[in-house]
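First the structure, in the form of structure tokens, and then the observations on it.
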Amino acid sequence: MSSLIQQFPCSEFRSERSNRDHETGETNESMEVRSTLAVYLAGAVGVLPIRPNTLPMEYVQERIATLHAFGGTGGESGHGLARTTTDSVAETSVVVPMTAREHENPAAERVLSELETLEPAPAAVIVPVRADADEIGPFRRWLESFALPIRVCWCTAPGVETLLADAGLANGFGKGRDVWLALGPAAELGEYVVVHDADARSYEAAHVRRLLAPLTMEFEFSKGYYARVEDGQLYGRLFRLFYEPLIRTLSADHDAPVLDYLEAFRYALAGEFAATADLAQQLRAPRAWGLEVGTLGDAFDHAGFDGSAQVDLGRHEHDHRAVAGDTGLEGMSREVAAELLRVVEERGVGPDYETLQERYLTTGDRLVQQYDADAAFNGLAYDAASERDQLARYAESVVPPGTDCRLPRWVDAPFEPSEVLAAAQPWRTDRPAGPRLSERIDTGAQD
37 MSSLIQQFPC SEFRSERSNR DHETGETNES MEVRSTLAVY LAGAVGVLPI RPNTLPMEYV
97 QERIATLHAF GGTGGESGHG LARTTTDSVA ETSVVVPMTA REHENPAAER VLSELETLEP
157 APAAVIVPVR ADADEIGPFR RWLESFALPI RVCWCTAPGV ETLLADAGLA NGFGKGRDVW
217 LALGPAAELG EYVVVHDADA RSYEAAHVRR LLAPLTMEFE FSKGYYARVE DGQLYGRLFR
277 LFYEPLIRTL SADHDAPVLD YLEAFRYALA GEFAATADLA QQLRAPRAWG LEVGTLGDAF
337 DHAGFDGSAQ VDLGRHEHDH RAVAGDTGLE GMSREVAAEL LRVVEERGVG PDYETLQERY
397 LTTGDRLVQQ YDADAAFNGL AYDAASERDQ LARYAESVVP PGTDCRLPRW VDAPFEPSEV
457 LAAAQPWRTD RPAGPRLSER IDTGAQD
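Following the working numbering, the numbering of the sequence shown begins with 37 at its first residue and continues without gaps.
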């Protein structure tokens with residue numbers, strides 16, 4: 037960069053205004069930095085020159101508040117207000133759902149190790165675990181080896197199954213059910229709740245503060261967004277090739293606020309979100325992969341446009357799923373579609389299912405052309421034929437939603453959060469069921 041500055045002296049692009057740009061309020065120094073970066077970017081890309089007075093950053097606001105991680109603005113990117121959330125961290129419950137495959141997984145290890153660096157520590161780190169009886173012992177010991185206020189919630193414990201069955205809630209399981217089981221205790225133990233996955237190899241503890249920052253500004257709900265570019269290609273396939281074209285197709289035919297809301301999120305299927313404890317208790321969780329969309333539907337009702345924000349978390353590296361099969365993206369698309377269509381139907385949108393698949397494919401094809409151009413512009417590999425094959429697979433999911441099996445809001449739940457933890461921790465002998473957790477908050481992992 038220094039050699040580039042010597043090659044293109046800032047003075048060549050200096051504004052004619054002597055001391056300060058009276059229209060923009062910029063100093064000459066800041067304009068020089070922008071000019072140098074503009075030349076650098078134009079030379080590096082070799083496609084289109086960037087005007088010297090154009091700051092090379094994206095700052096577009098959506099229908100919801102969009103908090104960017106600006107670079108080159110005199111502070112550490114994305115850390116301005118996020119650095120002031122120290123007190124909020126101490127009042128926050130962090131929920132990190134895991135399955136048996138996360139046991140001693142390097143990505144999960146990184147997530148927990150990063151959480152250890154938070155100062156002060158969160159009020160609680162609740163880990164809803166889906167594992168067999170012979171797996172939960174070593175899994176629990178591994179989790180409790182971290183210097184965190186860990187609460188292991190064994191979601192498939194016999195006592196949990198009995199508790200749910202007795203309440204008529206035993207119909208199906210998955211990520212959504214696991215997170216829901218943790219949301220009740222999390223909302224009891226903290227003023228705020230942060231939820232994120234355990235498979236991000238690029239995870240940083242700062243993500244917790246960034247997600248919390250909007251809540252300190254009196255927003256009720258915040259969601260993370262980030263780029264999914266790895267190994268020289270575009271990922272985020274289910275969002276790019278299913279959610280986005282389906283929402284655009286619906287929006288073309290229906291003028292509905294809920295569609296504007298769902299379309300405003302830059303990565304609506306991201307697993308990272310934060311909410312006030314009150315809002316967390318209002319979430320009706322789908323039992324499996326529809327969780328993210330279902331959460332947005334409830335956030336629309338209770339937080340709305342003015343109470344919602346999205347936060348730039350940079351670039352994420354995640355595990356990747358195969359496309360085909362019930363456990364792949366194809367199977368996930370069925371659950372996401374069912375929840376998405378249920379959310380919009382409940383809020384006044386009546387899709388024309390006879391033509392929706394075909395119109396979705398048309399919209400998706402246009403997006404594939406755009407993704408192809410974007411990939412070429414950035415020197416990324418792109419297989420348009422493979423992406424169109426995915427469109428065809430996902431189109432089979434565009435059908436009317438079936439039976440509604442969502443779990444109830446925690447404010448309407450037939451049992452207390454403490455009863456869930458008592459059932460989910462059969463190794464504990466010191467926690468009676470009944471009293472609310474908030475009456476006896478403690479810290480640290482316990483046997």
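Cβ coordinates follow ideal geometry from the N, Cα and C atoms, glycine included.
Everything numeric in this text was worked out from a predicted model, so none of it was measured.
Here the alpha carbons of valine 165 and phenylalanine 341 stand approximately 33 Å from one another. Between the C-alpha atoms of leucine 427 and alanine 313 there is a straight-line separation of about 38 Å.
Minimum Cα-Cα distance from leucine 376 among the listed residues Arg284, Leu349, Ala183 corresponds to Arg284. Annotated as proximal: arginine 320 and leucine 443, with beta-carbon spacing under 8 Å.
Ranking Leu225, Arg302, Pro387, Gly415 by CA distance to the CA of glutamine 346 puts Arg302 first. Closest in alpha carbon position to tyrosine 239, among Glu353, Phe255, Leu251, Lys211, is Glu353. Per DSSP, serine 129 lies in no alpha helix (DSSP H) segment; the continuous beta strand (DSSP E) that holds it begins and ends at 128 to 131. DSSP places phenylalanine 106 in no alpha helix (DSSP H); its state is neither H nor E.
Contact annotation: the segment 276 to 291 does not touch the segment 255 to 263, with fewer than three C-beta pairs closer than 8 Å. Here tyrosine 297 is not bridged, per DSSP, to any residue.
Here tryptophan 178 carries a helix assignment [DSSP, helix/strand/coil]. Relative to leucine 392, the option among Gly384, Asp410, Ala373 whose CA is nearest is Ala373. Alanine 159 is positioned such that its CB atom lies no closer than 8 Å to that of glycine 210. Out of His104, Asp348, Leu247, Thr128, the CA that lies nearest to the CA of valine 229 is found in Thr128. Separation of valine 125 and glycine 173 (C-alpha to C-alpha, rounded to the nearest whole angstrom) is 29 Å. For the 8 Å CB-CB criterion, alanine 310 and leucine 219 do not form a contact.
Taking the Cα positions, leucine 397 is about 47 Å away from glutamine 461. Shown here for valine 130: same chain residues with a beta carbon closer than 6 Å to its own, the five before and five after excluded, namely Pro158, Val161, Val230 in chain order. The beta carbons of glycine 307 and histidine 232 sit about 6 Å from each other, so the pair counts as a contact at 8 Å. Proximity to cysteine 191 across Ala234, Met134, Ala236, Ala241 peaks at Met134, based on C-alpha coordinates. Around the beta carbon of serine 454, 16 or more other beta carbons lie within 10 angstroms, which makes this residue buried. The beta carbon of leucine 403 is closer than 6 Å to those of Pro281 in its chain, skipping five residues each way along the sequence. Under DSSP, glutamate 266 shares a beta bridge with Gln269.
Out of Asp337, Pro322, Arg323, the CA that lies nearest to the CA of leucine 315 is found in Asp337. Sorting Tyr430, Gly386, Arg273 by C-alpha distance to the C-alpha of serine 287 places Gly386 at the top. For phenylalanine 309, the uninterrupted beta strand (DSSP E) segment begins and ends at 309 to 312.
Around the beta carbon of phenylalanine 413, a 10 Å sphere encloses fewer than 16 other beta carbons of the protein chains shown; the residue is thus reported as exposed. The segment 150 to 222 contains, as complete beta strand (DSSP E) runs of 3+ residues, the segments 160 to 166, 186 to 190 (chain order). Alanine 223 and aspartate 334 have their C-alpha atoms some 16 Å from each other.
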